[in-house]
Every structure is written in structure tokens, then in C-alpha cells.
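Engineer: Protein chains in written order, with this note's numbering: chain A, 860 to 1556; chain B, 266 to 845.
Idealized CB from N, CA, C, for every residue including glycine.
Predicted model, so just to flag it, every value in this text is computed and none were measured.
Attaching a single structure in C-alpha cells format; questions to follow.
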């Protein structure tokens, strides 16, 4: 039967990694197809467009029949990491230009006299002040000096500034000065990128608001440029479908919205896989999972508890291991936006191995990326990578990757390892390759530890769900190191971040700041507030093209006892104030262990509007299209442990596995990924098609 | 019992993360800004015998006081501690620190046996006494400073002690805040209890206890190992507090550190000032706490901060001295003395491990307390704490806008302060030229300006380093001194470092904190770095020339020839780098 039809709607999800760009495509009949091509870091949209065009052509699908393009992008995070954002200026209330640099004063670790505070994204000389002042009650103390705003804008532009953030004190109470200043700048300096704090984060606390706004301004240019190129390119190949971008918290937003608020998509890249893992876990009846995503450049770990990824309402973007802590701040750039709580380390298949000054074997964070890639690609990199070690030891196919699309040369891997490691260290090549793997595994274990052991969670109680091109190659080592008994590798694991996007929802959030004592409110007031926020998300969903019957809106209320600094969130249905109070009291007791009788304040009301996408992927009945590249019947020699002889390991396809556990050693090789089953483990395939590896304790 | 390395790591980090979770609970449930925004509170877990095993990343200064406070609780109640009991205590002469810091202890039981304690300490906005905030530096007896509580049960087997609660309520100026913050402490202790119960279920109560003891031994082993690599001998240092506010007499803090052959330290404070009339007296528990944490700051990062480390440091201070006062010495402003203990300790440690110690920082947070009545006669109390700057370091510049390293304070957001109190902040900014010069410069200080919107108010300031600037090291210059001003009707006059005075509506109070000391020779600082400091507005042209012999043009460019000539003229010609 031909795949799909010219008129059938298909959905495309694309995830750009540092090394590969992964594509998953769902056709109207519910089949999922996949493709993987090398990323094009100079212009990441190129690989997206080429890859999508190629896959559509292969399947004989009409580009006009694509109904949605979903996208996870690393443009936001890479821009900050490489300090490649726009030259950004900041205009503040007179007397407060240092708010951004002063921050919240605290340090991430106690007793550390060597700590380095991150430099602000806007240096002091590009932070200018204007006379204006709004009081805490929203009244105007000093009118806005309009001439000064324009003068400051021009002065910054003269210094080469491309984007300006505006953050005035108390603008969360009254945005009139910020709005006026923004209008003045747009009028006086056409083409200038401007973002004001009341539009990005209309909340109390000047540092958090200023910092988030500055990051937003810093990213505007890069994100807009990128998404425009992507859109133009997709239109160029005949795709007219809307583009949705994955946000840091795992929802989807229209590209247009992200162009205004790129700060919402800083951690867009990995979110798709996490949402996918959470949904897949639920479908398998496994609600507590360690999500482990190992690609070409980095490895990431996230905890899913009771079916939900751990989230954070604010986090700090920083170099190196990037863990958000709900409690300790000051390690990086404060972003007060909701995000999945992810730990990341620079260890992936392309991570380069070398010897440091002290004679120690080190792996990463430098990566050979997609181009030139590992030494075995023969594209100009002669330094050994993690992938080269895996090729030499037999863990991955010695002649081709990505279903035969990418030819590789094992001899080049051996040469690289011999020259750069084995010789200088006086080891043989296999031993040096084991060394690379051991160091990389230790780095990755650190990411998993950061979200488990370091937060008091025992990894031995959880399932390791591994994906990404290299997830299945390293998962068993990692599991053994941390005492994790079960590893699950999902279907399509090599492109799982894209698959996860197919399973996610469009999500719009509207919020009203209320700050009223519950006992002084009327039900009618509550109903009116709900109507207001519901109308807002409803309009946005309608603008995205969702019919009324495809829009689902739920409400949440944030409450606290009068005088407290933070709120508890409880669901809200209807306008029964009494019941809302009871729910809060119950949640408060559950969280804090005592009943408080002081008055309760309703701080915020939130409407979450989900656009129910037609045929959102349901893992319980997912159909994976067969794909060339699944091998089977062959075998090769694999060296599992240093100093032990290599063993001959059968190579099979996923379809060779049944529900009855089969003993290792075994290698499951597919188009998109390889799963290694060590000798002391068993493997079977579950009803959904996940490969389940049970490791002997 | 065999110690399993993975379980050990899980338990160690599990305890730390329970303590952090407790701290997080305090932030979320507290009522006063000093707790929820400034974060002047701590959380810790102790073993059944009271030895502290884990702590949250909160206020370092509090932690070393816990052993003595625990001891006084165990002495007071011996066998009379039951499931559901909660003990509170604030008396400095019972192991407390100063009266606003109320300690809370919750014993944790498993199968009827006491296995651990959850401990939460909060700085309360007010505990009564002669001035709002209970934090005056000009009290002369502890009896003036507020409600004194020896260890007392706030809860008895789960039931709140109404007598004690009423006693507190009637003695403090803002009872809702104080009782609200006590409830936050209680909530945090509950979170600690639940976390520990989970650990005990998972690993067994006996096992958990064994791992806790191992954690202490482990810290002691690592500490001794490291101290054994230090040179043996005795090193001394003296720093000063400006005065106690009653007289102009400087107050010396002198320390002698002896490195002993067994990998322990003897720290003696002989030569420090006798007990003072004002409220700067630091009881021995607090003196010890600062001593431990100073040592901790120069040890390897991965050594856990628990009683095992404290075992390696013996502390002595003369009786009736400022560092070991006798009753009824006043203690409310003892934090300042603690900061100077930290500065003196680091000054001595800089001679032992010179590559690990920065020049002096700002000298501790300033306390600006503004209180009074709103137009509707409701009282308000602002306790604002200003931080901070670090001195130049052996290999890099100091930091600015950062907590004192002996604390981990945050700042009160301007918008929060203005939303809750009748005050407007008119400036919150760096103080140009306040850094100590050096090859690696110190951080600049911070200025905060308050306009009073209430009809009238009481101002209490506790600031220091007005006379004795933060010291430089290795040839670095001292930091800039602290300054205070008052402006009434546009007229500005200076204020002393410590003052309690009435002020009227529209009065403007300006506090400038000291900048930090520099490290190394200022003439060795690369001219490009000096230029950068100038472009960032941290130093003036005049400063560049005076301290660094770097000549900058009015347009903000480096004049290389003039700089070379000037540096040569200062007798220390240095090649001026040619690359731009």
C-alpha cells in the first residue's frame, strides 16, 4: 500500500541537535516515519529544509499536505552559550542601572572564596538611566523624561547597540512609562529591537524582571532571523503549514509568539524528548523515570515523577553542568520562565578525547559536531571521539551509520585513537578506547546524579529511559554504575526528541494578578476573572486555527496566606470560593504539615488553554514505519571489558525480539540507533515496542 | 555494619537536600522580608546525640553555633523529649546568638526511639525590648534587648503551648509576623522530619544513624589530612571594629592560630577587646561558629561542613571579653563582631595558605532599621541588610554586589520593600572609586538611598568600616571607607556609623558601604584592565592615575606614553602592553 496520500494531512517534527537534525513524520494513517541528517551549524534551518524535503520525496508525499511543523531549537541556548546575542542595551529608572549587575547577592555555594560571579549580558556602560518614577501603588511620582528616553536610545545605537531592554521600577503595577518609552524608541529609531519588562514578565521583583527582559532582548535578533529563514525555506519547498516551536516547559507555541518572546524557548531543544518520555512512561505504566538523552554533543538527564517532568518556575542559564536549583541562585543568568528541570553535561558521541596537561585522559566538552564529525567519518577531524571508541570496540556498526546513509571507516577511528591516546599513554588501542568510554560514562553519570542522588532520590528506584543516537550504546554502563536495574529504549529512539513533539500540545497561558483576600471576594468576581483569562487564551487558540471543540481550557489558582512570599497552586473549577479555600488548606497541610488560620489571598489566576491537535501521537497505539538499515543475522566481535577477550555478539533488528526475555550479549541495530545488551543482562520487547534491558544486580 | 559507597553518597546528598528543602519551606511560608527575601535563617539536621550532620545552603554564621545550642537543649530536657515536642530558644547565654535569632528544634523519632533533630533558625523582625527590631547596637544589658527564652517547649507532644505563645505575642511589636515566622520554622521542621522518615524507611534507622556518624568521621579525616599539609607554627592578626557607638575607642579583634602536629588547629583570641558597653558582644558559641567557618573557607570544597570538621578546631577566648562576654552583656549587634572575627581569621590564614585568601571584604552587611507607625497607627519595621564586596584574590579580582562569604544573605527587592512599607528607595547603585586598588582589585561598595514616607520614624544604623577600612594584601590598597548621610530639605550632613535617631517625613538617608581591599601591587595591574574599570564607571580617571599610574584621556582612551612615563616616574617602570 502506498504511504499516505497526496491529500492526507501529515505532521512533521524536527529537532536540531549539535550533530544531527532529527525528523519524525506522522502520516494520516498513524504511521511514524523518521529521518536523520547532519546538522548545518552555520545555518541550522538548511538541514531542516533539506531533510524534510528529502523525506517527503522518499515517501511520495505532497508538501502541501503537511498540516503542522513542530520544532525544537537550540538557537536560544547556543546564542547565550556562545555569547553571540545582539549587542544589548538597557534603559532603567534613574538610580537603578545596577539592578541587573547587583542581582540577588547570594552565592551558589557556601564557603567558596574562589567563586566567579557571571558577567552581566549588558555591561554597565550600556545601561542608561532616565528620569521617571512610578510608586508602589502605581501612581506617578516623576513623569517620564521622554527626551531622555530618545537620547538614551540614540546614544546606545551610536555605540553599536542592536537591541534595547526597558525595565522601570514598579512597572508591574503600572506599565504606562515602559509602554511610552517603547513607543518612543520604535518611532525614533525604526528597525531597533525593543522589549519592555511589562510585556515579558509583569511581576514584582525588579531583578528577576530585568534579567528575564534582558535575556529576551539579547535573543530577539538571532531567534527572529532564524525562524524567518526557516519559514521562507519551508515555504520554498511548498510547505504552507504553521510552524510551532517547543517551549522550555514542554508546550508548543506559534513561531510568531516565539519571535516576540524567545526567552520562552531557551531550553526548547531537549523538551520534546522529555515530554515524549513522560507520555511513553505513562503508556507503559511506568510513571517514575530517569530520562537520559545522549546525542552527539551533550547528554541530558531529567526526572519524571508520577508522570510529570520536574519543572522549575525560574532557572539560571549557565555554562558547564546546568542544573536549576529551586533554592540556590546566582550561578548564571536568571530567567523567570517555566522550564523543565534539566541537567546537562558535555559528553556525546562527538565529544573529543585528549590528554590534559597533567597527563589525564579527558573527554569533551569540545565536540567534533556534525562537521567534521568523528574521525571515522573521514571528513577532516583526526582526533578521536566517543563514537570512534565505540566503533573500535564493536559497539556500533564499523561500516555505516544512519541506515547506511553515512559511510564510516573503522581504520580511521583506530588511527586517531592510536596516535592521540594509545601511543602517548603507552596503551594498546582497545584499552585506550575503553578509557574513553569510562571517562564519558563517568561524565554522564554526573548528570544523572545531579537530578537523583544530589536531590536525595535513589536512582535504583527508577527506570532509565534512554534515547538519542547514543543513548542505547551507553545506557547499560550507566545503569550498572548507578545500580539501576532496568533500561528502556523507546522505538525511534534515535529521533525521539522529534517523536516526543508529535505527542505534545499547543499551550497558551494567560494570567491575571489578583492579590485579594478570599474572604472579601464574591463568587461573581471570581467568575469574571476566569472569563477574562479564558477569553485571552481562547482568542490565541482561535488565532492558531483551533476550532472551539478543539480547545481545552483549565484554570489554576495561586494562593497563599497573607504576608507570605510564595504561593501554592491548586486547580480551580467553577466559582465556589469556599471550595477553593478548602482545596488550598488541604494542599497547604499536605505540603507544610500544619494548619494555618490566617487569611488566605488569591494572588494569581491562570488559564491554560490547550489546542487539541488532531491525531496527537498516542504511544499506546503507535505504528512505526519499517525503515531500511535494520540489520539482522550478522554478528561481530565486541570488547565489553578492558583486558577481557572480545566476544562474538549476534546483531539483530528490533523485530527479532519478543516478549520473552533473551539473554545477552546482543546488539540491536536499527536505522536510528543501536542498543547494546551486555552478557549478564536480558532483553525483551514490550507491547509498545520498547526494548527493555534488565541488568543483573 | 559495612559502609556501601553508593548508599553513603545517597545518604550524604539526601541529608543535604532535605536540609535545602527545609530552607526552601521557610522561604515559602515565612511572613517577614528579613526571612523570605533577605534569607536570614538557617536549617540543619542533627544526629540523635545532637551532632550536626547536614545543613542547608543558608547562613554560614549560624551553623557553628548549633552544637552549643543543641547541648543546652539536651541539658534542659535530658530524657524529657517526646515525639511531637518542639523546643525553641533564643538566649545567647544558652547557646544562642542574639535574641532575634530564635532556634527551633524538633526531635525525630522512629519506632519510639529518638534518631535525629531538625533545626531551624530564623532572624525575627522583632522580639521586644527597648527599640523596634530588637537589634540596637546601643543597648547595654541583655535585659534591654527583648524577650529572653531559655530552651522551652513550644509544642508538647503535638499540642502547642498556649502560655508560651501568649507570652511571645504580648512581648513583641509585630506578633503576627513573629508567630507567622515561627509557623514557617515549624513547617520546615516537619519537612525535615518527613524527609528523614523516608530515608529511615528506605535504609533502616540504625543504618541511617551509622551513616550519619560516618559522615562526621569522614569530614574529620579529610580536614585533618588537609591541615597536615600546612606549615606548623603560630600566626597572628589583628583587625578592628570602629567603636561600639558609646565611645570612640577602637575595638581590637586579635587572633593567634596554631597549626598542630596532629592536623588540628588551636585558635586563641587573647588580646581582643574586653567586653564592651554596647551590644557588640559575641558569646562564645557565636565566636566558635565564625572560627569554624573561616577555616572551612580555606579547605577543599568537598569536605562536608559538620561537627567532624569542628572537632579539628579548638577555640579559646578570654572570659569577659567581647568574644566571650559575661552576663548581662548586650549581644544584639554581635553579627558585626562576627564579621571582624572572620576578617581577623582570614588575615592570619593568609599567612598560612597565602594562595587561598582574598583581601578583606566590605566588613559585613550593614543593618539599616527604619520603624514607626503608618498613618493608620499600624506599626512597621524595616530591617534592611546591605551587602557586599569581596577583596582582590591571589589570582583574580574580587567581586562586587555579593554576600559576605561568612553569610549567604540576599537583598530585599526595592519593589517588595516599597509595596510593604512607607519608604521609597531613590538609588541602589555601585559607589565609584570605593574599591581597594591592586594587581587584582577589590569590589566596589554599594549605595542605597531611602526616602521616608511615614509621618515620622526611628532610624537605627549599624554600619562599620567608617574608620578602619578593609585591609589589602600583598601590597594591595585598602578599600574605601563606609559613609552615611542624612538629607533634610535638600541639605546634606554626614551621619556616624552607629546611630539611633528620630527622623521626619521626606528625610533622605544615604548609606554607602565600604569597598573591598586590593590584592597585589596596583602598579602591576595591566593598563587595559584599569581602562576597562573606568569605562564601566567603577573608577574615575583620577583614581586610575593616583593608584595605578595609568593616564586616561578625557574621551576615555588609554594614553600609553603618559602611562609609561608616570609608571617610570613612580620608580617602577613596567612595559606597557602594546596590543589594544
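Per DSSP, residue 1411 (chain A) forms a beta bridge with which residues?
Structural biologist: Per DSSP, A:1469.
Engineer: Select from A:1208, A:1535, A:1071, A:962 the residue whose C-alpha is nearest the C-alpha of residue 830 (chain A).
Structural biologist: Given a span of 860 to 1556 for chain A in the structure shown, any question on residue 830 (chain A) remains unanswerable.
Engineer: Which chain A residues are close to residue 451 (chain B), counting only those with a beta carbon under 9 Å from its beta carbon?
Structural biologist: Those within 9 Å of residue 451 (chain B) in chain A are 1451, 1452, 1453.
Engineer: Taking only three categories from DSSP, how would you classify residue 1085 (chain A)?
Structural biologist: It is helical.
Engineer: Any idea what DSSP makes of residue 1105 (chain A), helix, strand or coil?
Structural biologist: Three-state DSSP puts residue 1105 (chain A) in a strand.
Engineer: Could you compute how far the alpha carbon of residue 1409 (chain A) sits from the alpha carbon of residue 1461 (chain A)?
Structural biologist: Going from the Cα of residue 1409 (chain A) to the Cα of residue 1461 (chain A) covers about 30 Å.
Engineer: If you drop the 5 nearest sequence neighbours on each side, which residues of the same chain put their C-beta closer than 7 Å to that of residue 661 (chain B)?
Structural biologist: For residue 661 (chain B), where only same-chain residues beyond five positions count, the Cβ hits under 7 Å are 705.
Engineer: Going along chain B, which residues have a C-beta under 8 Å from residue 1029 (chain A)?
Structural biologist: Within chain B, the residues near residue 1029 (chain A) are 680, 683.
Engineer: Just list the residues that DSSP pairs residue 1494 (chain A) with in beta bridges.
Structural biologist: Paired residues: A:1509.
Engineer: Taking Cβ positions only, does residue 1423 (chain A) come closer than 7 Å to chain B?
Structural biologist: Yes, residue 1423 (chain A) counts as interfacial toward chain B.
Engineer: So what does residue 715 (chain B) bridge to, in DSSP terms?
Structural biologist: Paired residues: B:690, B:774.
Engineer: DSSP state of residue 1380 (chain A), grouped into three classes?
Structural biologist: Coil, per DSSP.
Engineer: Measuring only the C-alpha atoms, how far is residue 1546 (chain A) from residue 1296 (chain A)?
Structural biologist: Near 32 Å, if we compare the C-alpha coordinates of residue 1296 (chain A) and residue 1546 (chain A).
Engineer: What is the rounded straight-line gap between the Cα of residue 1361 (chain A) and the Cα of residue 1477 (chain A)?
Structural biologist: Approximately 9 Å between the Cα atoms of the pair.
Engineer: Residue 1390 (chain A) CB to nearest chain B CB: under 7 Å?
Structural biologist: No - not a single Cβ of chain B is within 7 Å of the one on residue 1390 (chain A).
Engineer: Return the CA-CA distance between residue 1529 (chain A) and residue 1343 (chain A), expressed in angstroms with no decimal places.
Structural biologist: Computed Cα separation, rounded: 24 Å.
Engineer: Is it right to say residue 753 (chain B) is buried, meaning 16 or more other beta carbons lie within 10 angstroms of its own, or is it exposed?
Structural biologist: The residue is exposed, with fewer than 16 neighbouring Cβ atoms inside 10 Å.
Engineer: Determine the closest residue to residue 608 (chain B) out of B:280, B:625, B:596, B:406, with distance taken between C-alpha atoms.
Structural biologist: Closest by alpha carbon: B:625.
Engineer: Would you list the residues sitting across from residue 1428 (chain A) in a DSSP beta bridge?
Structural biologist: Paired residue(s): A:1417.
Engineer: Between residue 1195 (chain A) and the rest of its own chain, which residues show a CB-CB distance below 6 Å, the 5 nearest in sequence each way excluded?
Structural biologist: Closer than 6 Å at Cβ, skipping near neighbours: 1060, 1067, 1071, 1173.
Engineer: Step through the CB atoms of chain B and report whether any lies within less than 7 Å of the CB of residue 978 (chain A).
Structural biologist: No, because no Cβ of chain B sits closer than 7 Å to the Cβ of residue 978 (chain A).
Engineer: Measure the C-alpha to C-alpha separation of residue 819 (chain B) and residue 796 (chain B) and round it to an integer number of angstroms.
Structural biologist: Going from the Cα of residue 819 (chain B) to the Cα of residue 796 (chain B) covers about 12 Å.
Engineer: For the alpha helix (DSSP H) containing residue 975 (chain A), name the first residue and the last one.
Structural biologist: Neither: residue 975 (chain A) is in no alpha helix (DSSP H) and is coded neither H nor E.
Engineer: Is the CB-CB distance between residue 1001 (chain A) and residue 1229 (chain A) below 7 Å?
Structural biologist: Not closer than 7 Å, so no.
Engineer: By the DSSP assignment, the alpha helix (DSSP H) with residue 482 (chain B) in it spans what residues?
Structural biologist: Counting along the chain, the alpha helix (DSSP H) containing residue 482 (chain B) begins and ends at 470–492.
Engineer: May I have the straight-line CA-CA distance separating residue 732 (chain B) from residue 634 (chain B), to the nearest angstrom?
Structural biologist: If I take the Cα positions, the gap works out to 21 Å.
Engineer: When the cut-off is 7 Å and only beta carbons count, does residue 972 (chain A) lie next to chain C?
Structural biologist: Included in the structure are the protein chains A and B, with no chain C among them.
Engineer: Since residue 635 (chain B) is in the beta strand (DSSP E), which residue starts that stretch and which ends it?
Structural biologist: 631–638 is the span of the beta strand (DSSP E), which, as asked, contains residue 635 (chain B).
Engineer: Need the endpoints of the alpha helix (DSSP H) that residue 1275 (chain A) sits in, please.
Structural biologist: Looking at the DSSP string, the run of the alpha helix (DSSP H) that includes residue 1275 (chain A) is 1269–1276.
Engineer: Taking C-alpha atoms, which residue in B:622, B:346, B:379 lies nearest to residue 973 (chain A)?
Structural biologist: With distances taken between Cα atoms, residue 973 (chain A) lies closest to B:622.
Engineer: Between residue 425 (chain B) and residue 416 (chain B), what straight-line distance do the alpha-carbon atoms span, to the nearest angstrom?
Structural biologist: Cα to Cα, residue 425 (chain B) sits roughly 15 Å from residue 416 (chain B).
Engineer: Is residue 954 (chain A) near residue 691 (chain B), with beta carbons less than 7 Å apart?
Structural biologist: Yes; because the gap between Cβ atoms is below 7 Å, this pair is in contact.
Engineer: Under 7 Å between C-beta atoms, does residue 642 (chain B) make it to chain A?
Structural biologist: It does not; no Cβ of chain A falls within 7 Å.
Engineer: Got a sec: which bits of the segment 1189–1207 of chain A sit with their beta carbon under 8 Å from any beta carbon on chain B, in order along the chain?
Structural biologist: Residues: none.
Engineer: Note the first and the last residue of the continuous beta strand (DSSP E) segment covering residue 784 (chain B).
Structural biologist: First-last for residue 784 (chain B): undefined, no H or E at that position.
Engineer: Give, in chain order, every unbroken run of the beta strand (DSSP E) that is at least 3 residues long and sits entirely within the segment 867–932 of chain A.
Structural biologist: For the segment 867–932 of chain A, whole beta strand (DSSP E) runs of length 3 or above, ordered along the chain, are 869–875, 879–885, 890–897, 925–931.
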